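Protein chains in written order, with the numbering used here: chain W, 528 to 871; chain X, 528 to 871.
Encoded structure:
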């Protein structure tokens with residue numbers, strides 16, 4: 528009997544928002560294991576804004592997913608069969624994988640997970656795999672926060688934004704989060720300790736920033752682009768830093784837009800703008816994990832995940848990212864109740 | 528008998544290019560010297576792109592010149608009368624001054640010049656006062672050139688551009704200059720040792736960059752803005768640096784233009800963009816002067832000045848800056864033949 532798996536493949540390049548038929552979900556035979564490979568049962572699939580970039584063939588930081596190929600995604604899973612030395616059944620791995628419930632791999636792009644005591648896999652994977660290091664290196668290395676400075680975080684209730692704001696507080700910054708809707712804004716100030724939150728759906732972002740930060744903004748941790756970014760960047764202080772981590776409002780664009788580049792303002796205020804992709808910091812991952820793990824263990828950093836069941840609904844869940852429909856790091860629970868356990 | 532001086536005052540804020548009547552040239556009594564002040568005979572007035580910024584009341588990095596006030600400029604001159612301890616007749620000073628042939632000052636914003644042996648005042652002032660440190664800090668601190676990288680300099684035949692390109696060569700970069708007209712381009716390659724030059728008036732900048740730098744550009748030392756900047760920035764390599772030192776093509780704009788900000792490209796290629804005003808590096812001036820003086824003394828850096836006679840024609844000369852009519856650092860010889868001497 529041949530084992531089968533469920534898998535998403537890219538059928539055509541999306542135009543604008545991802546539409547039905549751009550990806551196809553199917554069942555197929557699991558490839559045989561060659562020597563040096565192992566079979567990973569995927570327990571969680573991470574849905575990230577960058578997935579939409581990988582589906583396109585526009586300029587990006589990795590090769591796009593090829594048409595017909597399995598969709599690329601960040602996954603966490605358990606080894607169920609191994610023909611690779613040093614990899615044992617039951618081991619947990621996370622990293623680059625597929626939108627599938629079973630995948631054959633030689634381990635490239637994957638790292639073994641050691642669950643910190645008391646931290647479930649969904650949190651370890653949701654926070655530590657990519658989101659946490661992104662917040663850590665982007666804010667600390669490129670944003671260079673100093674105590675007393677004003678930090679604005681867009682997409683603040685998302686996976687990265689939550690951690691950025693809390694690290695900012697640890698560093699003594701005044702932190703203003705921008706998020707969609709009163710529930711997320713309340714979460715930021717009441718649960719996570721942000722100093723203020725702006726609801727971009729129901730408030731005038733510029734006017735609120737003027738009121739909350741009349742002397743201007745020192746750091747913009749930018750994940751959104753478009754009018755929200757313009758409102759923040761145009762209020763930057765002298766020697767401010769823009770950490771350009773994402774532009775989620777633009778990933779579904781069907782034509783190049785003329786972003787307002789504010790070159791004159793960048794010059795006059797001597798801003799620094801840093802394009803940022805966290806994989807550039809791969810050599811310092813252990814540093815980030817140690818710091819983040821400590822902050823999570825002592826309660827300095829709390830996070831909220833948005834875990835949804837069913838690989839077959841991954842595409843529908845992904846769409847929520849671009850409309851702000853998620854609340855916290857968005858994960859698909861692929862393992863049907865198998866959540867990877869918690870180390871005791 | 529009351530001594531008189533000639534002086535330019537700002538009569539109204541220019542709209543677009545500076546026009547007749549925006550500044551008025553007149554003769555007036557020299558103010559009396561108070562205790563702690565000295566009288567400086569201006570020998571050279573530096574004309575700089577930033578002069579146009581100071582005339583406007585748009586956002587800028589210093590207070591604008593007030594209407595009716597003497598026009599601000601960088602000057603070099605000789606002390607002709609002193610009521611200030613430590614300042615003697617005959618001393619040479621340079622720094623912030625007025626578009627005038629005589630000025631009374633307490634020395635604020637001025638520094639004493641010691642002429643290096645064999646270096647005339649026009650060169651010491653034209654290169655070392657501001658242009659040289661601008662090239663030095665902008666390229667080395669913000670551009671961070673590494674041997675083998677490709678550096679593009681716009682306004683390359685101007686005061687700053689000449690020095691940037693030559694420092695780039697000293698650091699082992701491949702240097703491409705962008706300038707207006709074949710004469711300037713020949714000067715860059717044949718006299719200053721640039722690897723290549725692009726004549727933006729007669730050549731397609733983008734196509735030439737594609738041919739000269741098919742693998743892209745590591746550093747853009749940007750002084751121009753507009754289509755020339757867009758052609759360079761859109762060809763930057765991964766982890767490239769944009770030193771945003773000037774936007775001379777935009778200073779006469781009468782309305783805000785939507786610059787093409789290329790945010791997506793800044794993100795994907797992890798560019799760093801640094802707004803840069805050299806006065807931020809005031810605390811490290813001596814370092815720049817020592818390095819530049821050494822390079823000038825050993826012939827590693829040569830420069831060309833564009834020295835023109837007559838304070839009364841300063842406004843007409845300034846206009847040349849914005850149309851590329853100057854060739855090298857533009858100075859007005861105010862001292863009518865008194866060039867400050869050369870140290871022997």
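Positions of the beta carbon are idealized from the N, C-alpha and C atoms, including for glycine. None of the values given here were measured: they were computed from a predicted structure.
Contact annotation: residue 745 of chain W and residue 720 of chain W have beta-carbon atoms that are not nearer than 8 angstroms. Taking residue 722 of chain W as the centre and dropping the five residues before and after it, the same chain places the C-beta of 701, 702, 703 closer than 7 angstroms to its C-beta, in chain order.
Among the residues of the region 788-810 of chain X, those with a Cβ less than 8 angstroms away from any Cβ of chain W are 788, 789, 790, 791, 792, 793, 794, 795, 796, 797, 798, 799, 800, 801, 802, 803, 804, 807, in the order of the chain.
Assignment of residue 771 of chain X by DSSP, reduced to helix, strand and coil, places it in the strand class. Taking 9 angstroms as the upper bound on Cβ-Cβ separation, chain X lies near no residue of the region 727-739 of chain W.
By the neighbour-count definition (other C-beta atoms within 10 Å, threshold 16), residue 553 of chain X is an exposed residue. Rounded to whole angstroms, the gap between the alpha carbons of residue 695 of chain X and residue 739 of chain W is 44 angstroms. The region 820-840 of chain W makes contact with the region 677-694 of chain W, as at least three CB pairs between them are under 8 angstroms. Under DSSP, residue 573 of chain X shares a beta bridge with X:601, X:858.
Residue 587 of chain W has a beta carbon lying within less than 8 angstroms of a beta carbon in chain X. One finds nothing in chain W with a Cβ atom closer than 8 angstroms to the Cβ of residue 670 of chain X; even the nearest lies about 13 angstroms away.
Neighbourhood of residue 771 of chain X in chain W, by CB distance below 8 angstroms: 790, 793, 794, in chain order. Residue 837 of chain W sits away from residue 805 of chain W, with the two beta carbons spaced by 8 angstroms or more.
In chain order, 790 make up the part of chain X whose C-beta sits under 7 angstroms from the C-beta of residue 752 of chain W. In the same chain as residue 842 of chain X, and ignoring 5 residues on each side of it, the C-beta atoms closer than 6 angstroms to its own belong to 550, in chain order. Three or more beta-carbon pairs separated by less than 8 angstroms are not found between the region 656-675 of chain W and the region 581-599 of chain W, which leaves the two stretches without contact. Close CB contacts of residue 709 of chain W within its chain, under the 8 angstroms cut and outside five residues either way in sequence, are with 726, 729 (chain order). Nearest C-alpha to residue 622 of chain W among W:575, W:824, W:635, W:559: W:635. At the C-beta level, residue 769 of chain X and residue 798 of chain X come within 8 angstroms of one another. A check of alpha carbon separations from residue 678 of chain W across W:814, W:705, W:558 identifies W:705 as the nearest.
Between residue 624 of chain X and residue 566 of chain X, the CB-CB gap reaches or exceeds 8 angstroms. By the CB criterion at 8 angstroms, residue 772 of chain W and residue 803 of chain W fall inside the cutoff. Rounded to the nearest angstrom, the gap between the Cα atoms of residue 707 of chain X and residue 654 of chain X is 21 angstroms. With a cutoff of 8 angstroms on beta-carbon distance, residue 792 of chain W and residue 759 of chain W are scored as not near each other. Residue 555 of chain X is bridged by DSSP to X:532. For residue 703 of chain W, the enclosing beta strand (DSSP E) stretches over residues 701-706.
Listed as beta-bridge partners of residue 749 of chain X by DSSP are X:771.
Straight across, the Cα-Cα distance linking residue 629 of chain W with residue 558 of chain W is about 10 angstroms. When DSSP states are grouped into helix, strand and coil, residue 832 of chain W belongs to the strand group. The shortest C-alpha to C-alpha distance from residue 627 of chain W to any of W:615, W:613, W:574 is the one to W:574.
By the neighbour-count criterion, in which a residue is buried when 16 or more other Cβ atoms sit within 10 angstroms of its Cβ, residue 673 of chain W is exposed.
At a Cβ-Cβ threshold of 8 angstroms, residue 579 of chain W and residue 757 of chain W do not count as neighbours. For residue 623 of chain X, the uninterrupted beta strand (DSSP E) run begins and ends at 619-625, by DSSP.
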